[in-house]
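Residue numbers for the sequence shown, in the working numbering: 6 to 169. For each residue, glycine too, the CB sits at the ideal point set by N, CA and C.
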Amino acid sequence: MADKHIQITTHSAAQTRKLGQTLGAAIHQPIVIALTGDLGSGKTAFVQGLAKGLDISEKYYITSPTFTLINEYPGRHPLFHVDLYRIEQLSELEEIGLDEVLHEDAVIAIEWAERLPKDTRSSHLELHLKIIGENIRQIEIFAYGHPTVNLLKTLERKVQSIVK
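1) Going by beta carbon distance, what residues of the same chain come within less than 8 Å of T14, once the five residues before and after it are set aside?
2) Which residues in the same chain have their Cβ closer than 8 Å to the Cβ of G102, if we skip the five residues on either side of it in sequence?
3) Under three-state DSSP, which class holds K2?
4) Three-state secondary structure (DSSP) at D104?
5) If you drop the 5 nearest sequence neighbours on each side, which residues of the same chain put their C-beta closer than 6 Å to that of I115?
6) Please name the residue or residues paired with A50 in a DSSP beta bridge.
7) Determine the extent of the beta strand (DSSP E) in which G42 is found, giving its start and end residues.
8) Once DSSP output is grouped into helix, strand and coil, what is the label at Q12?
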């Protein structure tokens, strides 16, 4: 059971990116962010904003690492962007080096995180993105662990300036 939960509705990809950027700017320690949602629900848009909030240079174009599976970007905190869409068996997680990535001193954003075993995540944020309309996304954010609860409280205070 989550320690804290909020729900946000964004009305454009730009707002979804802004939500990610606001969260990224508030991050001051390593964290795992587990993202779930259908294709086109905004997971990559969120990570693009997250990267901006982590001061990752705009010379890096953030795309979903569907074929590379893991991309790393240098910033205020390094960002590992992981995409598990093509993972079919748990043994593949070891082959791509995910266990090593999860122990990095970094921000780790994992798309299709429902393919991870539950025991691989302790303190983390979990985002469920749902398509409501053409540009409208419902984003539920769950915090697990004390540091993520504080981070979510910070984000919650700033939400109104994001979705205006």
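In this structure, then:
1) Against the sequence shown, residue 14 aligns to sequence position 9. Answer for T14: I137, I141, R142, Q143, I144 and V168, listed in chain order.
2) For this step, residue 102 is matched to residue 97 along the sequence shown. Within the same chain, G102 has close Cβ partners I75.
3) No statement about residue 2 is possible, as the shown extent of the chain runs from 6 to 169 and does not include it.
4) Here residue 104 refers to the residue found at position 99 when the sequence shown is read from its first residue. Reduced to three states, the DSSP call for D104 is helix.
5) Reading the sequence shown from its first residue, position 110 is the one you call residue 115. Around I115: A39 and V87.
6) Here residue 50 refers to the residue found at position 45 of the sequence shown. Answer is none; A50 lacks a bridge partner.
7) Locating residue 42 in the sequence shown gives position 37, counting from the first residue. Run containing G42: I36 to G42, per the beta strand (DSSP E) assignment.
8) For the purposes of this step, residue 12 is taken as the residue at position 7 of the sequence shown. Reduced to three states, the DSSP call for Q12 is strand.
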